[in-house]
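Q:
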Amino acid sequence: MEKTSCNETSLPMKMKSSFKPETVTVFGTGDFGRSLGNKMFQCGYSVVFGSRNPELSGLHPKGIEVMSYAEAAHRSDLIIIAIHREHYTFLTELAEELQGKILVDVSNNLKLNQYPESNAEYLSQLVPGAKIVKAFNTVSAWALQSGTLDASRQVFVCGDDKESKQRVMDIGRTLGLIATDQGSLMAAKEIENYPLQLFPMWKFPLYLSAGLCVFYFVYSVIRDVIYPYVYEKKDQTFALAISIPNRIFPGMALSLLALVYLPGIMAAILQLYRGTKYSHFPKWLDHWMLCRKQLGLVALAFAFLHVIYTLVIPIRYYVRWKLNSKVINQIKTNKTDPFNTTTAWLGDSYVALGILGFFLFVLLGITSLPSVSNMVNWREFRFIQSKLGYLTLILCTAHTLVFGGKRFLSPSLLRWYLPPIYVLSLIIPCTVLVLKFILVMPCFSRPLTRIQQGWERMSKASPKAHSGNGKAEV
Ligand code: NAP
Numbered sequence: 013m014e015k016t017s018c019n020e021t022s023l024p025m026k027m028k029s030s031f032k033p034e035t036v037t038v039f040g041t042g043d044f045g046r047s048l049g050n051k052m053f054q055c056g057y058s059v060v061f062g063s064r065n066p067e068l069s070g071l072h073p074k075g076i077e078v079m080s081y082a083e084a085a086h087r088s089d090l091i092i093i094a095i096h097r098e099h100y101t102f103l104t105e106l107a108e109e110l111q112g113k114i115l116v117d118v119s120n121n122l123k124l125n126q127y128p129e130s131n132a133e134y135l136s137q138l139v140p141g142a143k144i145v146k147a148f149n150t151v152s153a154w155a156l157q158s159g160t161l162d163a164s165r166q167v168f169v170c171g172d173d174k175e176s177k178q179r180v181m182d183i184g185r186t187l188g189l190i191a192t193d194q195g196s197l198m199a200a201k202e203i204e205n206y207p208l209q210l211f212p213m214w215k216f217p218l219y220l221s222a223g224l225c226v227f228y229f230v231y232s233v234i235r236d237v238i239y240p241y242v243y244e245k246k247d248q249t250f251a252l253a254i255s256i257p258n259r260i261f262p263g264m265a266l267s268l269l270a271l272v273y274l275p276g277i278m279a280a281i282l283q284l285y286r287g288t289k290y291s292h293f294p295k296w297l298d299h300w301m302l303c304r305k306q307l308g309l310v311a312l313a314f315a316f317l318h319v320i321y322t323l324v325i326p327i328r329y330y331v332r333w334k335l336n337s338k339v340i341n342q343i344k345t346n347k348t349d350p351f352n353t354t355t356a357w358l359g360d361s362y363v364a365l366g367i368l369g370f371f372l373f374v375l376l377g378i379t380s381l382p383s384v385s386n387m388v389n390w391r392e393f394r395f396i397q398s399k400l401g402y403l404t405l406i407l408c409t410a411h412t413l414v415f416g417g418k419r420f421l422s423p424s425l426l427r428w429y430l431p432p433i434y435v436l437s438l439i440i441p442c443t444v445l446v447l448k449f450i451l452v453m454p455c456f457s458r459p460l461t462r463i464q465q466g467w468e469r470m471s472k473a474s475p476k477a478h479s480g481n482g483k484a485e486v
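Residues 13 to 486, numbered by this note's numbering, are exactly what the sequence shown covers, in order.
So this is what it looks like as structure tokens:
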């Protein structure tokens with residue numbers, strides 16, 4: 013059964029008193045028009061539909077009237093145009109009837125920037141005497157019908173007439189939606205593009221991860237499959253299943269985690285260099301900073317994969333075979349390796365650092381969830397994401413360094429002059445940690461703090477452009 017989730021506090025007059033309910037006309041009895049009209053009806057509005065074929069339009073709840081477009085236009089001064097843009101032309105015939113009325117454009121397009129002007133602006137050209145408001149295009153017919161509005165509660169409203177905009181926002185709020193004023197009708201194009209964007213914040217992290225992953229994979233295949241085949245005629249292709257992925261995944265997790273913190277450091281260096289925060293960062297840096305959460309989540313996914321791949325090591329045939337061969341060899345030669353305390357220390361420290369690093373990594377991931385981050389204040393959020401984030405980076409970097417242990421930079425590990433992947437994966441984190449260490453030194457941190465509080469090195473009057481709400485924090 014359909015759930016109704018109207019906002020009780022902003023129900024129209026009908027629900028609160030004996031006043032006549034506000035009448036809203038909906039043009040179009042298609043999926044969206046019907047869903048929105050029925051929802052408004054449930055929330056106390058009197059709804060009238062305009063249709064090409066009133067007699068053919070399907071079932072509507074008792075109390076909703078369906079009539080011709082001209083008749084329906086006559087019944088209300090607020091008309092929702094639930095029709096595709098391509099069919100707007102017939103509205104010119106009703107131009108006189110629509111004079112001075114509020115027309116709500118809910119339309120979407122199939123492609124980003126499909127037309128030179130927004131659909132709402134096109135509508136205002138077709139019916140110049142009407143007050144056009146863009147709204148509701150981010151809500152789906154399905155969500156309105158099923159009542160599952162949680163994920164798509166946000167509606168963006170724009171228009172040149174303030175009062176009309178306010179009336180549409182009131183309707184949105186009554187329906188239980190979150191209506192945000194986006195300004196004049198010029199914002200319509202942007203609003204129309206919202207529902208067409210496909211994970212905009214995920215594109216950069218995913219492309220970057222894919223590129224890095226392919227690089228690490230090719231690198232590993234050259235080192236761990238092709239090299240042994242060329243020099244020792246050994247078939248190591250089985251490494252493609254677990255060994256190579258389990259070298260790539262930790263490398264990816266560590267590199268991506270470091271890339272979460274690198275843009276903050278670059279922004280801080282830029283602010284120190286410019287001596288002001290009132291200057292735009294380059295676009296790519298701005299975008300990179302906005303994608304940090306997504307980058308961190310991709311890094312966490314790789315860390316999870318590394319943990320799972322590591323847990324299966326004891327049951328691998330190759331590992332059991334290697335261990336058994338070693339033991340049999342020791343029995344045959346009647347020789348055992350003496351216990352090496354340093355190796356024990358390195359092995360245990362490597363595992364302990366990995367466990368702690370992973371624990372904090374998961375904690376960072378959990379606190380980035382909106383339901384959790386909404387519960388902490390800005391200072392707490394910064395503490396977790398910045399301080400604990402750096403601690404995670406330090407622990408994971410140390411985990412990798414200790415993994416290399418005594419043979420870390422040993423030339424015997426080079427194959428065709430190529431070091432193991434874990435050495436490569438340490439380049440970005442070590443760079444980030446060294447730069448961070450330099451930036452926390454008082455000679456840099458003091459001027460940086462002053463700059464971030466608004467101080468400028470040059471008092472020369474220049475057009476100010478805010479570089480973001482504290483985004484440069486490192
Ligand atoms: P739909 O099911 O195809 O309905 C469109 C309606 O437009 C038709 O039922 C028809 O109603 C009317 N219409 C008027 N002139 C027409 C003509 N010449 N040819 C065909 N139909 C004509 O589309 P919809 O899904 O309801 O979408 C309506 C608008 O809402 C679109 O602009 C869409 O972008 C927008 N929107 C839809 C959704 C969604 O989830 N579906 C979400 C957000 C926004 P009559 O037969 O009664 O005349």
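Where is the CB? At the ideal position from N, CA and C, for every residue including glycine.
Remember, predicted model here, so these are calculated numbers, not experimental data.
How close, in whole Å, do the beta carbons of Arg165 and Ile190 come, if the pair is a contact with beta carbons under 8 Å?
A: 5 Å
Q: Could you tell me which residues DSSP pairs with Val169 in its beta bridges?
A: Asp193
Q: Per DSSP, Gly62 forms a beta bridge with which residues?
A: Phe39, Met79
Q: Under 7 Å Cβ to Cβ from Arg87, same chain only, skipping five residues before and after it: list those, please.
A: Thr35, Thr37, Val60
Q: Residues in the same chain with beta-carbon distance under 8 Å from Phe316, minus the five sequence neighbours each way, listed in chain order, please.
A: Cβ within range, chain order: n/a, list empty.
Q: Taking only runs that begin and end inside the segment 348–392, name each unbroken alpha helix (DSSP H) of 4 or more residues, in chain order.
A: DSSP runs (the alpha helix (DSSP H)) wholly in the segment 348–392: 353–379, 382–385.
Q: Does at least one heavy atom of ligand 1 sit under 7 Å from the Cβ of Gly40?
A: yes
Q: Buried or exposed for Ala82, going by 16 or more other Cβ atoms inside 10 Å?
A: Ala82 should be labelled exposed.
Q: Quick one: is Glu392 buried, meaning 16 or more other Cβ sit within 10 Å of its Cβ, or exposed?
A: exposed
Q: Does the beta-carbon distance from Ser47 to Gly62 come in below 8 Å?
A: No.
Q: For Leu138, which residues of its own chain have a beta-carbon under 8 Å away from its beta-carbon, when the five flanking residues on both sides are left out?
A: Tyr100, Thr101, Leu103, Thr104, Ala107
Q: I'd like to confirm the pairing. Which residues does DSSP put opposite Asp117 in its beta bridges?
A: Ile93, Lys146.
Q: Report the CB separation of Ser130 from His96 in whole angstroms; it is logged as a contact under 8 Å.
A: Incorrect: roughly 14 Å between the Cβ atoms, too far for contact.
Q: Just the C-alpha distance for Met278 and Cys408, rounded to the nearest angstrom, thanks.
A: 21 Å
Q: Determine the burial state of Leu372: buried for a count of at least 16 other Cβ atoms within 10 Å of its Cβ, exposed for fewer.
A: With 16 or more other Cβ atoms from the protein chains shown falling within 10 Å of its own Cβ, Leu372 counts as buried.
Q: Would Tyr239 and Trp428 qualify as a contact pair, given that the criterion is a beta-carbon distance under 8 Å?
A: yes
Q: Which of the three DSSP states, helix, strand or coil, is assigned to Arg328?
A: Arg328 carries a coil assignment under DSSP once its states are collapsed to helix, strand and coil.
Q: Looking at the strands, I want to know which residues DSSP matches up with Arg427.
A: Partner(s): Leu430.
Q: Does at least one heavy atom of ligand 1 sit under 7 Å from the Cβ of Asn488?
A: Beyond the ends of the chain as shown, which are 13 and 486, falls residue 488; an answer cannot be given.
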